[in-house]
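Presented below is the structure to which this report refers.
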Amino acid sequence: MPARELEEAFYRTLVHFPHMAGYLKQTGYDTMDIIVDKTKLNLPDYRESQSDIHYQDIESANFDPATWPSDLSPVGNIALIRLANFHVVPIEGEQRYYYFIQTSTVALLTRTVPAEVLNRWAEETRALLTGVPAKLPNYCLDDRITLKYLPNERAEIGDDSRGKVMGYVSSKQPLRTHLFRLRLELLEHVPPGTRLSDHDILCAIGYKLNGQASYDAANKNQSNHYILLPFSLRHRLGMEHLNCIGNPLLGMVEVLPVGHAQSLITNQSLAEVASRIRKTTDSVTPAAVGTAMDIMEADTCDIGTFLSGMTFDVQSITSDLTRIKLYDADFGSGVQAFSTLFSCLPSPPSSTDCIVFFTNSPDAMDSILNNRFWKDFATVIF
435 MPARELEEAF YRTLVHFPHM AGYLKQTGYD TMDIIVDKTK LNLPDYRESQ SDIHYQDIES
495 ANFDPATWPS DLSPVGNIAL IRLANFHVVP IEGEQRYYYF IQTSTVALLT RTVPAEVLNR
555 WAEETRALLT GVPAKLPNYC LDDRITLKYL PNERAEIGDD SRGKVMGYVS SKQPLRTHLF
615 RLRLELLEHV PPGTRLSDHD ILCAIGYKLN GQASYDAANK NQSNHYILLP FSLRHRLGME
675 HLNCIGNPLL GMVEVLPVGH AQSLITNQSL AEVASRIRKT TDSVTPAAVG TAMDIMEADT
735 CDIGTFLSGM TFDVQSITSD LTRIKLYDAD FGSGVQAFST LFSCLPSPPS STDCIVFFTN
795 SPDAMDSILN NRFWKDFATV IF
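Next up, the structure:
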């Protein structure tokens, strides 16, 4: 793939995502905005380097990150903080490339945007190589668009539920990651009754697996365990047609006694947790979203107050990204065969399995790898 076309296509792509050329500026006590100064753009760093690592060596190691080029990270000792950095590394053999992207969370706004950027970059590259102009996209960059789609109705919300709006407290422990392949046909063996979605059951499995692993790693009694379920508001508020480049998410928290997570993984225990998750999912109505937004937009809303109440022993955080167009990017040589942009992925066509990144502390990850249920349910890729 010619480097000149790849770089030119990158800057053509950047035109459609102008916020990535801005600066972070504090605009209030607890708020920051992206400011784009046309006279002084803070352009993302773009560079290309060479690697003598052969693709076959990486493939034979099941794409273990330890076999990747050691200098992939584009961020070094720099004084200027850019909102995005891009590094392209050709891999020896079969014209394959690594696209390594580092960004600030505010730069990409939501976890769906990296796929949009990658796909647009591919379209612009393909247009330069073929001479056929790429179709102009229609992105919505209004960061207040969600508020415009809220209904007039509001749902009641209790004091204990208000903390659900705020998300999670990040762990300070060192992390370790493994990639698993899940056989989705196993999810069909559900006890008779209300049909739960695959997402409900996967979240329940992750909740119980993390609860057991956290107990094994901590080796002490714990009292409570919450699972955070981030819900996209696009289809709930009728915003699918906007192609919104923003972060319309609402995090809902389901709290259960930690002993529930530490009990054996059985059909009954999974059904109980999955039913709670299904109930939480069904509660995210337009009226409930409106109430949550009113709370967050209120002048008296203080993030610190919410976080101070999130004193849970164990946290499980889910993320469903299986609907993202992750395997559509075609830079002119066909779609990519493997991608590791996200922590939870669909398998490349034609497989119907689900690929899951599971990140936890090293001690907890050892427990997960030795969990009998998980070993029968998932296959370790690396």
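In the working numbering, the protein residues as written are 435 to 816.
We put the beta carbon where it would ideally sit given N, CA and C, even for glycine.
Q: Please name the residue or residues paired with residue 489 in a DSSP beta bridge.
A: The residue labelled residue 489 in the question sits at position 55 within the sequence shown. Paired residues: none, contrary to the question.
Q) Which residue comes first and which comes last in the alpha helix (DSSP H) that contains residue 484? A) By one-based count along the sequence shown, residue 484 stands at place 50. Run containing residue 484: none; DSSP gives neither H nor E here.
Q: Please report the residue range of the beta strand (DSSP E) in which residue 466 lies.
A: The residue given as residue 466 occupies position 32 in the sequence shown. Taken as a continuous stretch (DSSP letters only), the beta strand (DSSP E) holding residue 466 covers 466–469.
Q: Please name the residue in 578, 785 and 466 whose C-alpha comes closest to that of residue 617.
A: For the purposes of this step, residue 617 is identified with residue 183 of the sequence shown, where counting begins at 1. Comparing Cα-Cα distances from residue 617 to each of 578, 785 and 466, the minimum goes to 785.
Q: Go to residue 727, then tell me how far its alpha helix (DSSP H) extends in each direction, as first and last residue.
A: Translated into the one-based positions of the sequence shown, residue 727 becomes position 293. Residue 727 -> alpha helix (DSSP H) spans 720–731.
Q. Are the stretch 724–732 and the stretch 696–710 touching by the rule of at least three beta carbon pairs closer than 8 Å?
A. no
Q) Are at least three pairs of beta-carbons, each pair with one atom in the stretch 552–565 and one in the stretch 442–462, less than 8 Å apart? A) yes
Q. How long is the line joining the alpha carbons of residue 438 and residue 549, rounded to whole angstroms?
A. Reading the sequence shown from its first residue, position 4 is the one you call residue 438. Reading the sequence shown from its first residue, position 115 is the one you call residue 549. Straight-line Cα distance between these residues: approximately 22 Å.
Q. Can you tell me the Cα-Cα spacing of residue 640 and residue 726, whole angstroms?
A. Here the question's residue 640 lines up with position 206 in the sequence shown. Here the question's residue 726 lines up with position 292 in the sequence shown. Whole-angstrom Cα-Cα distance: 26 Å.
Q) Hey, how far is the Cα of residue 801 from the Cα of residue 813? A) By 1-based counting over the sequence shown, the position of residue 801 is 367. By 1-based counting over the sequence shown, the position of residue 813 is 379. Those two C-alpha atoms are separated by around 15 Å.
(Q) Less than 8 Å between the C-beta atoms of residue 516 and residue 571, yes or no? (A) Walking along the sequence shown from the start, residue 516 turns up at place 82. Walking along the sequence shown from the start, residue 571 turns up at place 137. Not closer than 8 Å, so no.
Q. CA-CA distance, residue 665 and residue 683?
A. Here the question's residue 665 lines up with position 231 in the sequence shown. Here the question's residue 683 lines up with position 249 in the sequence shown. In a straight line, the C-alpha of residue 665 is about 5 Å away from that of residue 683.
Q. So which of 490, 525 and 471 has the shortest CA-CA distance to residue 482?
A. As a working note, residue 482 is residue 48 in the sequence shown. That would be 525, whose Cα lies nearest to the Cα of residue 482.
Q: State the CB to CB distance for the pair residue 467 and residue 459, rounded to an integer number of angstroms; the pair is presumed to be in contact (CB under 8 Å).
A: Counted from its first residue, the sequence shown places residue 467 at position 33. Counted from its first residue, the sequence shown places residue 459 at position 25. Yes, they are in contact, since the Cβ atoms of residue 467 and residue 459 sit about 6 Å apart, within 8 Å.
Q | Which of helix, strand or coil DSSP assigns to residue 818 | A | Past the boundaries of the shown model lies residue 818; the chain is included only from 435 to 816, so the question cannot be answered.
Q) Leaving out five residues before and five after residue 672 in sequence, what residues of the same chain have Cβ atoms less than 8 Å from its Cβ? A) Counted from its first residue, the sequence shown places residue 672 at position 238. Taken in chain order, the residues that qualify are 583.
Q) DSSP puts residue 792 in a beta bridge; with which residues? A) To locate residue 792, count along the sequence shown from 1; it is residue 358. DSSP output for residue 792 lists 612 as bridge partner(s).
Q: Determine, using beta carbons only, whether residue 497 and residue 816 come nearer to each other than 8 Å.
A: To locate residue 497, count along the sequence shown from 1; it is residue 63. To locate residue 816, count along the sequence shown from 1; it is residue 382. Cβ distance < 8 Å, so residue 497 and residue 816 count as in contact.
Q. Of the choices 661, 631 and 635, whose alpha-carbon is the least far from that of residue 645?
A. Counted from its first residue, the sequence shown places residue 645 at position 211. Closest by alpha carbon: 661.
Q) What's the gap between the Cα of residue 643 and the Cα of residue 697? A) Within the sequence shown, numbered from 1, the residue matching residue 643 stands at position 209. Within the sequence shown, numbered from 1, the residue matching residue 697 stands at position 263. Using only the alpha carbons, I get a separation of about 10 Å.
Q.
On the DSSP letters alone, give me the boundaries of the alpha helix (DSSP H) that residue 445 sits inside.
A. The residue you call residue 445 lines up with position 11 of the sequence shown. Segment 437–448, the alpha helix (DSSP H) holding residue 445.
Q: For residue 679, name the three-state secondary structure that DSSP assigns.
A: Here residue 679 is taken as the residue at index 245 of the sequence shown, counted from 1. Three-state result, residue 679: coil.
Q. With residue 588 and residue 721 assumed to form a contact (beta carbons below 8 Å), what rounded beta-carbon distance in angstroms separates them?
A. On the sequence shown, residue 588 is found 154 positions in, with the first residue counted as 1. On the sequence shown, residue 721 is found 287 positions in, with the first residue counted as 1. Indeed, because the Cβ distance is near 6 Å, the residues count as touching under 8 Å.
Q: Would you give the residue range spanned by the alpha helix (DSSP H) that residue 549 belongs to?
A: In the sequence shown, residue 549 corresponds to position 115, counting from 1. First-last of the alpha helix (DSSP H) with residue 549: 547–564.
**Q.** Pairwise C-alpha distance: residue 804 and residue 612
**A.** Stepping through the sequence shown from its first residue, residue 612 is reached at position 178. Stepping through the sequence shown from its first residue, residue 804 is reached at position 370. Approximately 13 Å between the Cα atoms of the pair.
Q: Taking all protein chains shown into account, decide if residue 677 is buried (16 or more other Cβ within 10 angstroms of its Cβ) or exposed.
A: Within the sequence shown, residue 677 is the residue found at index 243, counting from 1. Per the 10 Å Cβ criterion, exposed.
Q: Please work out which residues of its chain come closer than 6 Å, Cβ to Cβ, to residue 523, disregarding the five sequence neighbours upstream and downstream, and give them in chain order.
A: As a first step, residue 523 is located in the sequence shown; it is residue number 89 there, counting from the start. Closer than 6 Å at Cβ, skipping near neighbours: 483, 485, 503 and 532.
Q: Answer with buried or exposed for residue 578, where buried requires no fewer than 16 other C-beta atoms within 10 angstroms of its C-beta.
A: Against the sequence shown, residue 578 aligns to sequence position 144. Exposed, since its Cβ has fewer than 16 Cβ neighbours within 10 Å.
Q. With a CB to CB cut of under 6 Å and the five nearest residues on each side skipped, what residues in its chain are close to residue 796?
A. As a working mapping, residue 796 is identified with position 362 in the sequence shown. Excluding residues within five positions, the ones whose Cβ falls inside 6 Å are 610.
Q) Exposed or buried, which one is residue 574 when buried takes at least 16 other CB atoms within 10 Å? A) Here the question's residue 574 lines up with position 140 in the sequence shown. Label assigned to residue 574: exposed.
Q. Per DSSP, what kind of secondary structure is residue 808 in: helix, strand or coil?
A. By one-based count along the sequence shown, residue 808 stands at place 374. Residue state, collapsed to three classes: helix.
**Q.** Option in 667, 715 and 636 with minimal Cα separation from residue 546
**A.** In the sequence shown, the residue the question calls residue 546 occupies position 112. Nearest C-alpha to residue 546: 667.
Q: Assign residue 565 to one of two classes, buried (16 or more other C-beta atoms within 10 Å of its C-beta) or exposed (fewer than that).
A: Counted from its first residue, the sequence shown places residue 565 at position 131. It counts as exposed.
Q. For residue 573, which of helix, strand or coil comes out of DSSP?
A. Here residue 573 refers to the residue found at position 139 of the sequence shown. Residue 573: coil per DSSP, three-state reduction.
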